[in-house]
Ligand SMILES: Nc1ncnc2c1ncn2[C@@H]1O[C@H](COP(=O)(O)OP(=O)(O)OP(=O)(O)O)[C@@H](O)[C@H]1O
Ligand SMILES: Nc1ncnc2c1ncn2[C@@H]1O[C@H](COP(=O)(O)OP(=O)(O)OP(=O)(O)O)[C@@H](O)[C@H]1O
Ligand SMILES: [Mg+2]
Ligand SMILES: [Mg+2]
């Protein structure tokens, strides 16, 4: 379902060339539960953004469901994202002027779901995240961990086939973090392909497949070849 | 050195009144190393912002070095902050248009330190944080954990008497997180008063004094009365 072939991503800063990713090849099968760990700056977020069609590689190819997405135009990328991919950003990217409720509803609005079908789904998703009494708060009226949970609710509201989560428990205490991991693993039970970037080994070790990155490369893979 | 007396902080959201802090009284002596833990939404960041003169309580008083700071005007608050307090924000608040170097130099610039005195100090601070090869990157050109370390470097550059750190390792792997904690504890050795909000029990348990918050109140304090 996901195939990365020789993916490199370089950034230019002044006369310095940063190799954020350096020749990453990876196959991830449908329904797989993968964790990605590694030192700060090792390329985890960069890899996740390419998987999420939020960034293009400098070289290499990305096949999503056998379709070469590498050269899709912006519009086609956005469409594929809306339909197939949920993304939890390391720093959430919530819309400041919208309430928690409207932030979570946004993908449904963008895909034309009528209001009466949206409301129950949004409420239920926020309840699962323990935010029932915060639905009318805007992001600046929420704690760090509450914002993180709104971002997770938004990423899952469309029941995407693929969920990419960048440090989804980084701002959560043990109990809330466990609730989030339980909710994500329930989605794996329902067949979602889940890729979680995490710094927490207790969370990373729960995945069926564990990948470690160092300096823009895959240094370890508990399931090389994806099988 | 720090005395909070009956501190409450309420927020109004529509017709809902949120009790972020509910009658918190706390004495923190000079040079103390304190950790604050508790569930997401329990009031940790709110407490830290009041301690950092970034927010005013709804009721109660805050004495800093025996001076009642509760009713200081904005200008006096800003001055006290610049001179006495370093703050590491949960979400960093770096200046997007400035490089890592200039972000860390900013407090020195604001306090009138000449360039020749600034440069070595800023470089050294960034080196300690493992960012020597990222000094010319702007925040958007840094990984999450790299931004976090720039925020920590900026908070400590003025050698403040008090350092308030909100989840300083939330986006860091074990090794970088350990480097950060080592650097902060070296400052405690030099006499700094350190208050760390954290969700990581391995980090929270290292503090000489451990406070747990629940629902806007201090639920546990390993050193009640501050002694
Ligand atoms: N836009 C950019 N321009 C220049 N360099 C960049 C850019 N984005 C990322 N980098 C660099 O690429 C490397 C990988 O960044 P990335 O954000 O993928 O790391 P990460 O593994 O997610 O780190 P963390 O655990 O700290 O979040 C870092 O060294 C970073 O400085
Ligand atoms: N500006 C605001 N308006 C309304 N409610 C607020 C505001 N800021 C915070 N709150 C609420 O106050 C409570 C405490 O927030 P705070 O940010 O202090 O929590 P926290 O302990 O730091 O949580 P976390 O661990 O998730 O960062 C939360 O329930 C939050 O929703
Ligand atoms: Mg990252
Ligand atoms: Mg907080």
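Chains as they are written, first to last, in this note's numbering: chain Y, 53 to 279; chain V, 53 to 279. For glycine and all other residues, C-beta sits at the position ideal for the given N, C-alpha and C.
Contact test: residue i Cβ vs ligand 2 heavy atom, cutoff 7 Å
| i | result |
| --- | --- |
| residue 223(Y) | yes |
| residue 269(V) | no |
| residue 174(Y) | no |
| residue 115(Y) | no |
| residue 200(V) | no |
| residue 142(V) | yes |
| residue 161(Y) | no |
| residue 274(Y) | no |
| residue 186(Y) | yes |
| residue 189(Y) | yes |
| residue 153(V) | no |
| residue 94(V) | yes |
Contact list for residue i against chain V, beta-carbon separation under 8 Å
| i | result |
| --- | --- |
| residue 143(Y) | 143 and 196 |
Contact list for residue i against chain B, beta-carbon separation under 9 Å
| i | result |
| --- | --- |
| residue 227(V) | In the structure shown, chain B cannot be found, because the protein chains are Y and V. |
Whole-angstrom distance between residue j and residue i, CA atom to CA atom
| i | j | result |
| --- | --- | --- |
| residue 223(V) | residue 183(V) | 15 Å |
| residue 54(V) | residue 78(V) | 8 Å |
| residue 187(V) | residue 178(V) | 7 Å |
| residue 150(Y) | residue 123(Y) | 33 Å |
| residue 92(Y) | residue 76(V) | 36 Å |
| residue 110(V) | residue 73(V) | 9 Å |
| residue 30(V) | residue 190(V) | It is not possible to answer for residue 30(V), since the shown part of chain V is limited to 53 through 279. |
| residue 275(V) | residue 199(Y) | 32 Å |
| residue 67(Y) | residue 139(V) | 33 Å |
| residue 128(Y) | residue 248(V) | 45 Å |
| residue 269(Y) | residue 225(V) | 17 Å |
| residue 283(Y) | residue 208(Y) | The question about residue 283(Y) has no answer, for chain Y in this structure spans 53 to 279. |
| residue 158(V) | residue 152(V) | 10 Å |
| residue 260(Y) | residue 135(V) | 51 Å |
| residue 174(V) | residue 258(V) | 28 Å |
| residue 161(V) | residue 170(V) | 8 Å |
| residue 271(Y) | residue 88(Y) | 11 Å |
| residue 254(Y) | residue 233(Y) | 11 Å |
| residue 273(V) | residue 216(Y) | 39 Å |
| residue 206(Y) | residue 106(Y) | 17 Å |
| residue 214(V) | residue 240(V) | 10 Å |
| residue 145(Y) | residue 146(V) | 16 Å |
| residue 96(V) | residue 61(V) | 12 Å |
| residue 137(V) | residue 59(Y) | 45 Å |
| residue 63(V) | residue 163(Y) | 34 Å |
Residue from the options with nearest C-alpha to residue i
| i | options | result |
| --- | --- | --- |
| residue 90(Y) | 276(Y), 275(Y) and 250(Y) | 250(Y) |
| residue 236(Y) | 252(Y), 225(Y) and 211(Y) | 211(Y) |
| residue 142(V) | 74(V), 202(V) and 254(V) | 202(V) |
| residue 80(Y) | 144(Y), 117(Y), 174(Y) and 148(Y) | 117(Y) |
| residue 194(Y) | 148(Y), 122(Y) and 272(Y) | 148(Y) |
| residue 230(V) | 245(V), 252(V) and 209(V) | 252(V) |
| residue 267(V) | 254(V), 189(V), 98(V) and 135(V) | 98(V) |
| residue 71(V) | 240(V), 84(V), 94(V) and 87(V) | 94(V) |
| residue 83(Y) | 264(Y), 242(Y) and 262(Y) | 242(Y) |
| residue 65(V) | 100(Y), 192(Y) and 163(Y) | 192(Y) |
| residue 264(Y) | 86(Y), 115(Y), 146(Y) and 197(Y) | 86(Y) |
| residue 113(Y) | 227(Y), 56(Y), 221(Y) and 180(Y) | 56(Y) |
| residue 100(V) | 125(V), 185(V), 172(V) and 218(V) | 218(V) |
| residue 227(V) | 204(V), 197(V), 245(V) and 168(V) | 197(V) |
| residue 221(Y) | 244(Y), 238(Y), 181(Y) and 185(Y) | 181(Y) |
Any non-hydrogen atom of ligand 1 within 7 Å of residue i CB
| i | result |
| --- | --- |
| residue 72(Y) | yes |
| residue 145(Y) | no |
| residue 60(Y) | no |
Within chain Y, the residues that residue i reaches when beta carbons sit closer than 9 Å
| i | result |
| --- | --- |
| residue 171(V) | By Cβ distance, chain Y contributes nothing, its closest Cβ being about 18 Å from residue 171(V), past 9 Å. |
Residue i CB to nearest heavy atom of ligand 4 below 7 Å
| i | result |
| --- | --- |
| residue 90(V) | no |
| residue 97(V) | yes |
Amino acids of chain Y, ordered along the chain, whose beta-carbon sits closer than 7 Å to that of residue i
| i | result |
| --- | --- |
| residue 224(V) | 92 and 251 |
Ligand 6 heavy atom lying under 7 Å from the CB of residue i
| i | result |
| --- | --- |
| residue 194(Y) | For ligand 6, the structure offers nothing, since it holds only ligand 1, ligand 2, ligand 3 and ligand 4. |
Any non-hydrogen atom of ligand 3 closer than 7 Å to residue i Cβ
| i | result |
| --- | --- |
| residue 218(Y) | yes |
- Task: Check each residue of the region 188 to 221 of chain Y: if its Cβ is closer than 7 Å to any Cβ of chain V, include it; give the result in chain order.
- Result: Flagged, chain order: 188, 189, 193, 195, 196, 197, 198 and 219.
- Mind listing which residues of the region 89 to 100 of chain V have their C-beta closer than 9 Å to chain Y's C-betas, in chain order? 89, 90, 91, 92, 93, 94, 95, 96, 97 and 98
- Quick one: which residues of the region 63 to 77 of chain V get their C-beta closer than 7 Å to a C-beta of chain Y? List them in chain order. 63, 65 and 66
- What are the residues of the region 238 to 266 of chain V that lie near chain Y, defined by any Cβ-Cβ distance shorter than 8 Å? For the region 238 to 266 of chain V, the set of positions with a beta-carbon nearer than 8 Å to some beta-carbon of chain Y reads 251 and 253 in chain order.
- Interface positions of the region 109 to 123 of chain Y facing chain V (Cβ-Cβ less than 9 Å), listed along the chain: none
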